[in-house]
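*Asks:* Could you have a look at this structure, given as structure tokens, before my questions?
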Amino acid sequence: MTHAEAMELVADHGGTSTQHVNRQTTMLVVGEEGWPLEANGQPSVKWQNANELARQGLPLRTITESEWLHLLGLDETRTEIHKAYTPAMLSNLLGVSVHLIRRWDRAGLITPLRRVHRLPYFSFQDVASARRLSELLAQGVPRREIEKSLGQLAPLFRNGQRSIDQLEMLAHDSRIVFRDQHGLIEPASGQRLLGFDDDPQPTAKHASEARSRLPMTDWTPSRPHEHWGFRDWFDQGRELLEQDEAEESIEAFRMCLMDRPDEAEAHFHLAEALYRCGRSRAALERYHAAVEHDHGYIEAWTQLGCLHAELGEHESALDAFEVALEVHPDFPDAHWHKGEILHGLGRTDEATSHWERYLTFDNRGPWAETARQRLSGAESANNTVAIDGG
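My numbering numbers the first residue of the sequence shown as 622 and each following residue consecutively.
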């Protein structure tokens, strides 16, 4: 919920909202999009002021956003805060790349609430907490300062211990990284790493270079790798891909597929590596291989749809999203992408049901806002009456 929406709710229920905490304040509502911590790691100034006024005996109550919504009888809105989100949805909501979300999942920093056909669904709070703690550590805030603040704020939040566990992992695990505006940082060491290209768009020159390359890379394993099996090569491939060494990861994934050619997840990651190297057609074939070996691999179907759409093959894209929805009818990403493609083809009447369905899963992110705008535009178009002046 935005500040403007919250202020409107306060006014609708006869209250007065302010930007600052003062002696006339009777309630402080704390949002749940990550911990309310300042840039120095201390609790927010508003929380500190409210805490001090309450200590002085003033009738000032501090509650969470979901508790406040419950008091207003808006339990339906309250459930929005505790919904489960796919990596793509969280990427749009929090500005964290899908690559980093996968990496955090692999390292155990975040834990899926559930998996549906390999697709993880996460708690918004879990990922938002990880992002905020990563930011603070990457900015050089001492771990003890953050831990002290979490302890002070813990009575407000249900996930207090979970965030302390995340902080412990971030402070010690060099595999966990965070991205700021300049690139990747290891919060544990403060080291800056090479960044990911989150949305690779190969230029014509790069595409030509990619087509001219040999299908195999010039990377070769050193002697200790001679007796590696599938799992060793697969983990190596993912590690290289996470380190933005996509070209090198291609060979590792091919090596593991020599051992187990029917492993759908290895085909999926090889497709991603190929795509990030500008080899869209080769990536397309590997995504097809992934779904051939696991028809229910809905992330692979979604990537097929997105790649077909990028290549201008819209009907093939729609077919891929349709299969994804047959496997998992409640898949938000597929509803969103299918709606957008139909809209782009001028088939807005068909797209509306997908935007409406998407909004049942997400009512707060950029995709949700676009879906509402599209629906509003479609409704206006349908209500337009042509008048013949003759």
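All C-beta atoms, glycine included, are put in the ideal place defined by N, C-alpha and C.
Quick one: what does DSSP say Val651 is sitting in, helix, strand or coil?
*Replies:* In this structure, Val651 counts as strand in the three-state DSSP scheme.
*Asks:* Taking 8 Å as the threshold (C-beta atoms), are Leu862 and Ala894 in contact?
*Replies:* Yes, the pair counts as a contact, with Cβ atoms nearer than the cut-off.
*Asks:* Quick check on this structure: which residue in Glu869, Gln864, Ala873 and Glu866 has the alpha carbon closest to the alpha carbon of Asp853?
*Replies:* Considering only alpha carbons, the answer is Ala873.
*Asks:* If Ser730 and Glu920 are in contact, beta carbons under 8 Å, what's the gap, nearest whole angstrom?
*Replies:* Residue identity check: residue 730 is Leu in the sequence provided, not Ser. Contact doesn't hold; Cβ gap of about 20 Å is too wide.
*Asks:* What residues in its chain sit with their C-beta under 6 Å from that of His827, if we drop five residues either side in the sequence?
*Replies:* Below a pLDDT of 50, predicted positions are generally treated as unreliable, and His827, at 43, falls in that range; no measurement from the model is reported.
*Asks:* Between His975 and Ala930, what straight-line distance do the alpha-carbon atoms span, to the nearest angstrom?
*Replies:* Using only the alpha carbons, I get a separation of about 17 Å.
*Asks:* Just checking my contact of Arg753 with Trp656 at CB under 8 Å: how many whole Å lie between their CB atoms?
*Replies:* With 8 Å as the limit, Arg753 and Trp656 qualify as a contact, their Cβ atoms being about 5 Å apart.
*Asks:* Please report how far the alpha carbon of Lys769 lies from the alpha carbon of Ala759, in whole angstroms.
*Replies:* Straight-line Cα distance between these residues: approximately 18 Å.
*Asks:* In angstroms with no decimal places, state the Cα-to-Cα distance between Leu788 and Asn661.
*Replies:* Their backbone Cα atoms lie some 15 Å apart in a straight line.
*Asks:* Below 7 Å, is the gap between the Cβ of Arg727 and the nearest heavy atom of the ligand PLP?
*Replies:* As for the ligand PLP, it is missing from this structure, which has no ligand bound.
*Asks:* Taking 8 Å as the threshold (C-beta atoms), are Ala627 and Val1014 in contact?
*Replies:* Here the chain comprises residues numbered 622 to 1011, so residue 1014 is not present and cannot be evaluated.
*Asks:* Helix or strand or just coil, what does DSSP make of Pro664?
*Replies:* Strand.
*Asks:* Going straight from the alpha carbon of Arg736 to that of Tyr706, what length do you get?
*Replies:* Their backbone Cα atoms lie some 11 Å apart in a straight line.
*Asks:* Out of curiosity, what's the CA-to-CA distance linking Glu686 and Gly636?
*Replies:* Their backbone Cα atoms lie some 16 Å apart in a straight line.
*Asks:* Within 10 Å of its beta-carbon, does Glu629 have 16 or more other beta-carbons around it, so buried, or fewer, so exposed?
*Replies:* Per the 10 Å Cβ criterion, exposed.
*Asks:* Does the separation of the CB atoms of Gln773 and Pro664 fall below 8 Å?
*Replies:* In this structure, Pro664 lies closer than 8 Å to Gln773 by Cβ.
*Asks:* For the alpha helix (DSSP H) that Tyr979 lies in, which residues bound it at each end?
*Replies:* Thr969 to Leu980 is the extent of the alpha helix (DSSP H) around Tyr979.
*Asks:* In terms of residues, what are the limits of the beta strand (DSSP E) holding Tyr742?
*Replies:* That run of the beta strand (DSSP E) goes Leu740 to Ser744.
*Asks:* Give the list of continuous alpha helix (DSSP H) stretches no shorter than 4 residues that lie fully inside the segment 847 to 923.
*Replies:* With a minimum length of 4 residues, the continuous alpha helix (DSSP H) runs that stay inside the segment 847 to 923 are 851 to 863, 867 to 880, 885 to 897 and 901 to 914.
*Asks:* Indicate whether Ala904 and Ala885 have their beta-carbon atoms separated by less than 8 Å.
*Replies:* It is not a contact, given that the beta carbons lie outside the stated cut-off.
*Asks:* Buried or exposed for Ser1001, please, with buried defined as at least 16 other CB atoms from any protein chain shown within 10 angstroms of its CB.
*Replies:* Exposed: under 16 other Cβ atoms inside 10 Å.
*Asks:* Alpha carbon to alpha carbon, how far is Asp983 from Ser937?
*Replies:* If I take the Cα positions, the gap works out to 26 Å.
*Asks:* Using 10 angstroms around the beta-carbon of Glu580, count the other beta-carbons present and answer buried if the total reaches 16, otherwise exposed.
*Replies:* Outside the shown range of the chain (622 to 1011) lies residue 580, about which nothing can therefore be said.
*Asks:* To the nearest angstrom, report how far apart Glu913 and Ile767 are at their CA atoms.
*Replies:* For Glu913 and Ile767, the distance between alpha carbons rounds to 48 Å.
*Asks:* So, under 8 Å CB-CB, Leu715 and Ala749 are touching, yes? Tell me the CB distance rounded to an integer number of Å.
*Replies:* Contact flag correct, Cβ pair sits at about 6 Å.
*Asks:* Using alpha carbons as the reference points, say which of His634, Asn1003 and Arg881 lies closest to Leu693.
*Replies:* The option with the nearest alpha carbon to Leu693 is His634.
*Asks:* Quick one: residues in its chain with C-beta nearer than 6 Å to the C-beta of Lys959, no 5 flanking neighbours on either side, listed in chain order?
*Replies:* Counting only Cβ-Cβ distances below 6 Å, and skipping sequence neighbours, we find Phe942 and His975.
*Asks:* Give a yes or no on whether the C-beta atoms belonging to Ala751 and Asp954 are separated by under 8 Å.
*Replies:* It is not a contact, given that the beta carbons lie outside the stated cut-off.
*Asks:* Just how far apart, CA to CA, sit Phe1015 and Ile684?
*Replies:* Residue 1015 lies beyond the stretch modelled for the chain, which goes from 622 to 1011, so this question has no answer here.
*Asks:* Thr1012: buried (16+ other C-beta within 10 angstroms of its C-beta) or exposed?
*Replies:* Since the first and last residues shown for the chain are 622 and 1011, residue 1012 lies out of range.
*Asks:* Buried or exposed for Asn1003, going by 16 or more other Cβ atoms inside 10 Å?
*Replies:* By the neighbour-count rule (16 or more Cβ atoms within 10 Å), Asn1003 is not buried but exposed.
*Asks:* In the structure shown, what three-state DSSP assignment does Leu805 receive?
*Replies:* Model confidence at Leu805 stands at a pLDDT of 48, short of 50, so the residue's coordinates are unreliable; what they give is reported in the following sentence. Here Leu805 sits in strand by DSSP.
*Asks:* Taking all protein chains shown into account, do 16 or more other C-beta atoms lie within 10 angstroms of the C-beta of Val944, making it buried, or fewer, making it exposed?
*Replies:* It is buried - the Cβ of Val944 has at least 16 other Cβ atoms within 10 Å.
*Asks:* Nearest to Tyr908 by CA position, among Ser901, Asp915, His916 and Leu925, is which residue?
*Replies:* Nearest C-alpha to Tyr908: Leu925.
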